[in-house]
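Colleague: Mind looking over this structure? Questions follow.
Protein chains: 2
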Amino acid sequence: MSDTVSDIIRDKFNFLTRAERKLANVLLDNYPVSGMTSITRLAELAEVSTPSVVRMAQKLGFTGFPDLQNALRDELEATISNPIAKHDRWSQQAPDTHILNRFADAVIDNLRQSLDQLPPEDFDRVSALLADRKRAVYIVGGRITHALADYLFTHLQVLRENITLLPANSNIWPHHVLNMKPGDLLVIFDIRRYERDLINLADMVKEQDVEIILFTDQWGSPVGKAASHRFNIKIEAPSAWDSSVVTLFMLEALTAAVETRIWGVTKSRMKQLEALFDRKKLFR
Amino acid sequence: MSDTVSDIIRDKFNFLTRAERKLANVLLDNYPVSGMTSITRLAELAEVSTPSVVRMAQKLGFTGFPDLQNALRDELEATISNPIAKHDRWSQQAPDTHILNRFADAVIDNLRQSLDQLPPEDFDRVSALLADRKRAVYIVGGRITHALADYLFTHLQVLRENITLLPANSNIWPHHVLNMKPGDLLVIFDIRRYERDLINLADMVKEQDVEIILFTDQWGSPVGKAASHRFNIKIEAPSAWDSSVVTLFMLEALTAAVETRIWGVTKSRMKQLEALFDRKKLFR
DNA sequence: AGGACTCTGAAACAATAATTTCAAAAATTG
DNA sequence: CAATTTTTGAAATTATTGTTTCAGAGTCCT
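Just so you know, the sequences run in chain order B and D. Oh and the first sequence: position 129 is 129 in our numbering, straight run, nothing missing. Every number in our numbering is 284 more than the matching position in the second sequence, counting from 1.
So this is what it looks like as structure tokens:
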């Protein structure tokens with residue numbers, strides 16, 4: 001028998017144009033109810049014109065919009081009359097024992113618990129510190145978390161000046177410590193299999209009145225003693241490794257918070273950056 | 285909110301006329317989908333005239349048939365919609381307008397939609413490819429996604445041999461391309477502000493029969509044309525940047541899947557790695 | 001940078017849906 | 001059983017939806 005409308009959309013998604021993709025997203029978003037309005041309202045919802053809706057319907061193999069809508073209604077009828085609770089699964093096509101669904105469950109649980117444990121004032125205080133442009137910011141990660149440090153660095157660097165990513169090789173760290181001034185910030189990532197080098201570094205900079213912001217797991221790295229701000233993140237996953245998803249979530253949320261605090265600066269920096277990229281393009 | 289349409293109908297059933305009762309029965313029969321057609325077809329279905337439908341809608345307290353139909357659609361939406369999407373607050377202590385809660389909503393929505401669009405067979409096929417130790421794996425990212433590439437590299441490298449992370453500098457890429465054999469895998473990260481270098485690279489390796497696995501956003505990088513496997517990930521966030529959280533989720537889930545496929549190999553590699561770390565400790 | 005191509009939405013048009021009118025059919029009543 | 005009231009649907013009318021056309025915007029390619 002034939003595919004569902006959502007199957008068809010996904011199938012042909014890559015052949016759809018920009019306006020059609022907007023539409024596809026709206027249709028799939030609250031599927032299939034979002035397709036049950038008039039063509040006019042659907043077009044408005046997707047911010048495209050009604051002709052685009054018609055064209056898309058035809059591209060998907062229907063004679064017109066009403067035809068597509070009928071197909072949706074028929075599917076809906078079949079779904080509704082079938083009492084299986086489809087929505088307790090993340091990926092509806094996969095069994096709930098599939099790794100995708102198990103992982104999603106774990107991550108959501110991690111997120112919920114991590115947020116529950118985090119007083120928003122702490123979060124706000126850290127975002128305020130990072131937004132204070134008088135303080136230089138240093139970032140350092142461990143073996144696994146280095147990628148996270150890198151990610152934070154790349155983003156903060158656009159937001160404001162004076163951001164430094166310490167290299168993976170701990171031999172060079174003292175050179176950077178030399179530069180740090182009182183009031184500067186050191187963001188440390190240290191997640192289980194805590195690394196001795198990081199503790200040494202933390203102790204060292206603490207003596208220079210550098211404030212430490214620590215990202216660690218629910219058990220807490222020993223660096224915590226030296227840190228003035230700490231994010232304890234739940235990192236459990238159905239895998240031999242820990243999950244960094246929630247940590248990344250925190251980094252992005254933090255970046256967004258800093259961004260709104262110093263939007264004026266950030267905006268002009270982003271513009272400059274765009275200009276520089278454009279010039280680089282011209283060179284080749 | 286007040287009563288549902290079906291409540292109202294049952295309430296007033298005794299005051300309905302003969303034609304109206306026919307209608308009521310049709311509406312309640314396949315509730316609420318049967319009410320989602322045009323007034324004409326509904327009238328035909330109930331074997332009454334269209335004016336009867338209008339009169340009934342007004343008798344039930346609606347301004348007309350479209351008004352009733354909207355009410356039905358709203359109910360349907362509330363029933364169908366995913367309970368997880370309705371999570372009111374993530375961080376209980378913060379107001380739901382706090383960036384943490386807004387970000388959490390966005391990320392969950394991204395996750396749900398990305399999973400919805402991903403056929404699990406595709407996922408399984410990719411994990412099987414990555415678990416095939418005869419194939420060398422190359423990984424490359426762009427400006428922002430480099431950290432993700434790095435993260436995947438760090439993890440895969442423990443799982444199996446023959447993993448290479450291409451450097452950020454695209455000048456050196458040809459040297460690596462030289463090494464690639466037919467059947468090898470190239471994992472490409474390319475998220476909006478698609479990078480021309482990556483397209484060139486993709487075209488180049490495609491000619492050598494290297495299979496490309498692409499991680500991109502919901503709009504789809506132009507690399508997609510050359511890719512044999514593609515993950516379209518929704519990346520919207522309440523920020524000037526896109527969110528990489530769901531992409532990282534996919535990487536971790538994929539890593540976990542590969543890990544279970546070749547657990548024998550991975551286990552012994554992890555043991556060896558532990559031993560090496562221990563010896564390194566002894567050196568200092 | 002310019003030409004060929006594709007994509008898009010405003011506007012005109014066609015089709016259909018929804019409402020109103022009204023006369024006839026059914027039900028109710030004395 | 002006729003007079004009255006209520007209910008009903010055919011037909012006319014109005015409102016809205018859905019489709020087509022077409023010119024200009026945008027993109028791609030050399």
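Quick reminder that beta carbons are idealized off the backbone N, C-alpha and C, glycines included.
Could you check the C-alpha separation between His382 of chain D and Met320 of chain D for me, to the nearest Å?
Modeller: Start at 1 with the first residue of the second sequence, and residue 382 of chain D comes out as number 98. Start at 1 with the first residue of the second sequence, and residue 320 of chain D comes out as number 36. Answer to the nearest angstrom: the Cα atoms are 38 Å apart.
Colleague: Do the CB positions of Val424 of chain D and Leu470 of chain D come within less than 8 Å of each other?
Modeller: Along the second sequence, read from residue 1 onward, the residue named residue 424 of chain D stands at position 140. Along the second sequence, read from residue 1 onward, the residue named residue 470 of chain D stands at position 186. In this structure, Leu470 of chain D lies closer than 8 Å to Val424 of chain D by Cβ.
Colleague: Check whether chain D comes within 8 Å of Asp197 of chain B, counting only Cβ atoms and requiring the distance to be less than that.
Modeller: What you label residue 197 of chain B is simply residue 197 of the first sequence in a count that begins at 1. Not closer than 8 Å to any Cβ of chain D, the Cβ of Asp197 of chain B fails to qualify, so no.
Colleague: With distances taken between CB atoms, is the gap from Leu532 of chain D to Leu248 of chain B smaller than 8 Å?
Modeller: In the second sequence, residue 532 of chain D corresponds to position 248, counting from 1. In the first sequence, residue 248 of chain B corresponds to position 248, counting from 1. Cβ atoms of Leu532 of chain D and Leu248 of chain B: closer than 8 Å.
Colleague: Are the beta-carbon atoms of Glu211 of chain B and Leu129 of chain B separated by less than 8 Å?
Modeller: Mapped onto the first sequence, residue 211 of chain B falls at position 211. Mapped onto the first sequence, residue 129 of chain B falls at position 129. The answer is yes: Cβ separation under 8 Å.
Colleague: Using a threshold of 8 Å, state whether the C-beta atoms of Leu156 of chain B and Val137 of chain B are closer than that.
Modeller: On the first sequence, residue 156 of chain B is found 156 positions in, with the first residue counted as 1. On the first sequence, residue 137 of chain B is found 137 positions in, with the first residue counted as 1. A contact, by the Cβ cut-off of 8 Å.
Colleague: What residues match up with Asn14 of chain B in a beta bridge as DSSP calls it?
Modeller: Mapped onto the first sequence, residue 14 of chain B falls at position 14. Partner(s): none; Asn14 of chain B has no beta bridge.
Colleague: Measure the C-alpha to C-alpha separation of Glu121 of chain B and Ile519 of chain D and round it to an integer number of angstroms.
Modeller: Locating residue 121 of chain B in the first sequence gives position 121, counting from the first residue. Locating residue 519 of chain D in the second sequence gives position 235, counting from the first residue. Near 27 Å, if we compare the C-alpha coordinates of Ile519 of chain D and Glu121 of chain B.
Colleague: Quick one: what does DSSP say Pro83 of chain B is sitting in, helix, strand or coil?
Modeller: As a first step, residue 83 of chain B is located in the first sequence; it is residue number 83 there, counting from the start. Residue placement at Pro83 of chain B is poorly supported in this model, since its pLDDT is 37, which falls under 50; the coordinates still yield a value, given next. DSSP places Pro83 of chain B in coil when its eight states are reduced to three.
Colleague: Using the beta-carbon count (16 or more within 10 Å), is Arg396 of chain D buried or exposed?
Modeller: Stepping through the second sequence from its first residue, residue 396 of chain D is reached at position 112. By the 10 Å Cβ count, Arg396 of chain D comes out buried.
Colleague: Is the Cβ of Gln397 of chain D closer than 8 Å to any Cβ of chain B?
Modeller: If you number the second sequence from 1, residue 397 of chain D lands on position 113. Yes, contact with chain B.
Colleague: Going by CA-CA distance only, name the one from D:Leu360, D:Gly348, D:Ile497 that's closest to Asp474 of chain D.
Modeller: As a first step, residue 474 of chain D must be located in the second sequence, where it is residue number 190. Measuring from the Cα of Asp474 of chain D, the nearest candidate turns out to be D:Ile497.
Colleague: Scan the stretch 188-247 of chain B and note each continuous alpha helix (DSSP H) run of 4 residues or more that stays entirely inside, going in chain order.
Modeller: Counting only runs of 4 or more, we get 196-206.
Colleague: Around the Cβ of Thr255 of chain B, are there at least 16 other Cβ atoms within 10 angstroms (buried) or fewer (exposed)?
Modeller: One-based indexing of the first sequence puts residue 255 of chain B at position 255. Classification for Thr255 of chain B: buried.
Colleague: With Asn14 of chain B and Gly508 of chain D assumed to form a contact (beta carbons below 8 Å), what rounded beta-carbon distance in angstroms separates them?
Modeller: One-based indexing of the first sequence puts residue 14 of chain B at position 14. One-based indexing of the second sequence puts residue 508 of chain D at position 224. That belief holds up - the Cβ atoms of Asn14 of chain B and Gly508 of chain D are roughly 6 Å apart, short of 8 Å.
Colleague: If you follow the beta strand (DSSP E) that Tyr138 of chain B is in, where does it begin and where does it stop?
Modeller: On the first sequence, position 138 is the one that residue 138 of chain B refers to. Counting along the chain, the beta strand (DSSP E) containing Tyr138 of chain B begins and ends at 137-140.
Colleague: Can you check whether the C-beta of Lys555 of chain D is within less than 8 Å of a C-beta belonging to chain B?
Modeller: Numbered from 1 along the second sequence, position 271 holds the residue referred to as residue 555 of chain D. Not closer than 8 Å to any Cβ of chain B, the Cβ of Lys555 of chain D fails to qualify, so no.
Colleague: Could you work out which residue in B:Pro238, B:Arg192, B:Ala106 is closest to Arg143 of chain B when comparing CA atoms only?
Modeller: To locate residue 143 of chain B, count along the first sequence from 1; it is residue 143. Measuring from the Cα of Arg143 of chain B, the nearest candidate turns out to be B:Arg192.
Colleague: Please compile the residues from chain D whose C-beta is within a distance smaller than 7 Å of the C-beta of Phe123 of chain B.
Modeller: Translated into positions along the first sequence, residue 123 of chain B becomes position 123. Here the neighbours are Leu384.
Colleague: For the beta strand (DSSP E) that Leu449 of chain D lies in, which residues bound it at each end?
Modeller: Looking up residue 449 of chain D in the second sequence gives position 165. Element bounds for Leu449 of chain D: 447-449.
Colleague: Just to confirm the assignment, what range does the alpha helix (DSSP H) spanning Thr324 of chain D have?
Modeller: Counting from one through the second sequence, the residue named residue 324 of chain D turns up at place 40. Here the alpha helix (DSSP H) through Thr324 of chain D covers 323-330.
Colleague: Can you give the Cα-Cα distance for Ile292 of chain D and Asn314 of chain D, rounded to whole angstroms?
Modeller: As a position in the second sequence, residue 292 of chain D is number 8, starting the count at 1. As a position in the second sequence, residue 314 of chain D is number 30, starting the count at 1. In a straight line, the C-alpha of Ile292 of chain D is about 16 Å away from that of Asn314 of chain D.
Colleague: Rounded to a whole number of angstroms, what is the C-alpha to C-alpha distance between Ser318 of chain D and Ala46 of chain B?
Modeller: To locate residue 318 of chain D, count along the second sequence from 1; it is residue 34. To locate residue 46 of chain B, count along the first sequence from 1; it is residue 46. Cα to Cα, Ser318 of chain D sits roughly 26 Å from Ala46 of chain B.
Colleague: With respect to the alpha helix (DSSP H) encompassing Leu111 of chain B, which residues constitute its N-terminal and C-terminal limits?
Modeller: Position 111 of the first sequence, counted from the first residue, corresponds to residue 111 of chain B. Start and end: 99-117.
Colleague: From the DSSP output, which residues share a beta bridge with Leu185 of chain B?
Modeller: On the first sequence, residue 185 of chain B is found 185 positions in, with the first residue counted as 1. Answer by DSSP bridge pairing, in chain order: B:Val137, B:Glu211.
Colleague: Indicate the three-state DSSP secondary structure (helix, strand or coil) for Ile546 of chain D in the structure shown.
Modeller: Position 262 of the second sequence holds residue 546 of chain D. It is coil, neither helix nor strand.
Colleague: Pick out whichever of D:Ala486, D:Ser527, D:Lys296, D:Ala541 has its Cα sitting closest to the Cα of His585 of chain D.
Modeller: Residue 585 of chain D falls outside the range modelled here, since chain D spans only 285 to 568, and no answer is possible.
Colleague: With a threshold of 7 Å (Cβ to nearest heavy atom), would Arg325 of chain D be considered close to the ligand NAD?
Modeller: No copy of the ligand NAD appears in this structure; indeed no ligand is present at all.
Colleague: Taking Cβ-Cβ distances shorter than 9 Å, what residues in chain D pair up with Asn25 of chain B?
Modeller: Position 25 of the first sequence, counted from the start, is the residue given in the question as residue 25 of chain B. By Cβ distance, chain D contributes Gln397, Gln502, Lys518.
Colleague: Near Arg261 of chain B, which residues of its chain fall below 6 Å by C-beta distance, leaving aside the five closest residues on each side in sequence?
Modeller: The residue you call residue 261 of chain B lines up with position 261 of the first sequence. If we look at Arg261 of chain B and ignore the five residues flanking it on each side, its Cβ neighbours are Ala131.
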